[in-house]
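Residue numbers (numbering that gives the first Met the number 0): 0 to 377.
Heads up, the beta-carbon is just placed ideally off N, CA and C, and yes, glycines get one too.
Scroll down for the structure; my scribbles are underneath it.
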Amino acid sequence: MTSPSAGASPRSPFGDRDGAVLDADGTSPLHYGNPIGEQRLLERGRAVVDLGGTGIVTVSGPDRLSWLNSMTSQLLLGLAPGTSTETLVLDASGRVEHAARVVDDGETTWLLTEHGDAEPLAAWLTSMRFMLRVEVADRSADVRVVGSFDPAPITAAGLDDAVIATWIDPWSEVAVGGWSYADAEDHPGRTWTYRETILPLDAATTLGASDVPVAGTLALEALRIAAWRPRLADVDERTIPHELDWLRSAVHLTKGCYRGQETVAKVHNLGHPPRRLVMLHVDGSDGVLPAVGALVHGPGRTVEDDPAEVGRITAVANHHELGPIALAVVKRSLDPATVLTTAADDVTVTAAQQTIVPTDAGATAGVPRMPRLGAVRR
C-alpha cells in the first residue's frame, strides 16, 4: 500500500537564497542568477542542487530485492547495503515505462525517479505484490534529495549523521552485466562523480539555511547532457534502452527473465535499435535555444521539399565550456555527418551531431544473415 504522506514535495528550503528562481511547482530552484557560474561550482564538487521534484518510492520487507529483481532490468538480487545501481521497468515489447536510481540500506530499497513518476511507479509495484512480503510507499513528500559531485558540501554543513542514504551514480563505467555502445576512450561519463543524498526534511532545511554554495537544476542539466547521461525525461512511448545507451548502467544482459527481456536480448544480439541518441552542438549565434521536444530536420527529400523530420530534442542547455548543446533521438540510418536544423523561437538554427549511439549499435552476436527463401545468390 502507498504511504498516506504520498504527494508532491513541499516548497524548496533553498527558495529564500539570494537570486533563487524556482521552477513552476516551487519545488526546486532553476538557478540563483548565474547558471554558468553555478555549473562550475557544481562540477568542482563545491555546490549542492536541491532536487525537490525527485520522486521517491521505498520498498521494504524480506522479499524486496528478489521481487524487484524479477520485474526489472537490473540484477538486484543480493544487492549489498549502500551499493548503488539503476534499473528500468519495461513493457512486454521492451519499451521503457519507469526508471529508478536504486540504493538499499539493509532494510529498505530506495527508488529515486523523476518528478511525477513516483505515484504511477508505486501504483504499479503495489499491483504486483501478490502474496510476497513487501511494502511499497511513496515517500516523495517526507524526505528531500540533494545532488552534488562530492560529499564535501554535506560534511561542511555538519549533516553527515543525518543522511538517510546516498545514491552514487554508476555512469562512470559500464556496470557488471551491462554494455556500452558509445566510444569508451572518449566517453565524457568517465569523470562523472555525481551523487544524490536523501535527507530528512529538517536536515534539508538546515542545509538550505547554511552558507554552503548552491547551484540550480539548469546547471545540473547542462552537465548531464555533456556527460551523455540518459534520464526518464529523454524517454517517449517508443523508447527502448539501447537507443539511449542505457544498457551501460541500467540493464544486466545475463540476469534472466523479466518483462521486456526478449526484446532487449534480440535487439542487442541480432538487431539494431531503430533510433539512436546523439549530442547536438547547436549554433548559438542568434542567442536562442530550441525547446525540449523540438523536431530535428535533415536534408530535404527534393530541392523543393521541406527538410525531412529525423528526430526530436529531449534536453537542451547552455554549457559553460561547450556552449549550446542538446540531446536528441534520431533515426538510426541518419548519416552522422549530416548537419541538422531545428527551430528556436521561430528562428531556424543548425546543429552538428556528436555520435553517442553509433549507427551499427547492436547485432553483437555476429550471426550471419540467412538468405531469404527463393533469393538468388550472385
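- A direct Cα-Cα distance of roughly 11 Å separates residue 83 from residue 170.
- Residue state for residue 268 is assigned as helix, using DSSP reduced to three classes.
- Burial state of residue 217 is buried, judged by a 10 Å Cβ sphere holding 16 or more other Cβ atoms.
- In this structure, the alpha-carbon of residue 222 lies about 43 Å from that of residue 130.
- Within the stretch 19-48, the complete alpha helix (DSSP H) segments at least 4 residues long are 34-42, listed from N- to C-terminus.
- According to the DSSP assignment, residue 112 belongs to the beta strand (DSSP E) that extends over 107-112.
- Within its own chain, the residues whose Cβ lies closer than 8 Å to the Cβ of residue 321, once the five positions on either side in sequence are excluded, are 225 and 280, listed in chain order.
- Sequence-distant Cβ neighbours of residue 209 in its own chain, meaning closer than 6 Å and more than five residues away, are 156.
- By alpha-carbon distance to residue 108, the top candidate from 239, 293 and 197 is 197.
- A distance below 7 Å separates the beta carbons of residue 241 and residue 266.
- The Cβ neighbour count for residue 143, taken over all protein chains shown within 10 Å, is at least 16; the residue is labelled buried.
- In the structure shown, the three-state DSSP call for residue 297 is strand.
- Scanning 244, 51, 235 and 9 for the CA closest to the CA of residue 228 turns up 244.
- Scanning its chain for C-beta atoms nearer than 7 Å, with the 5 sequence neighbours on each side dropped, one finds around residue 51 the residues 8, 11, 26, 27 and 143, in chain order.
- Inter-residue distance for residue 175 and residue 125 is about 29 Å (C-alpha atoms, whole angstroms).
- Residue burial annotation: residue 76 is exposed, with fewer than 16 other C-beta atoms found within 10 angstroms of its C-beta.
- Segment contact: the stretch 250-268 against the stretch 308-319, fewer than three CB-CB distances shorter than 8 Å; contact not assigned.
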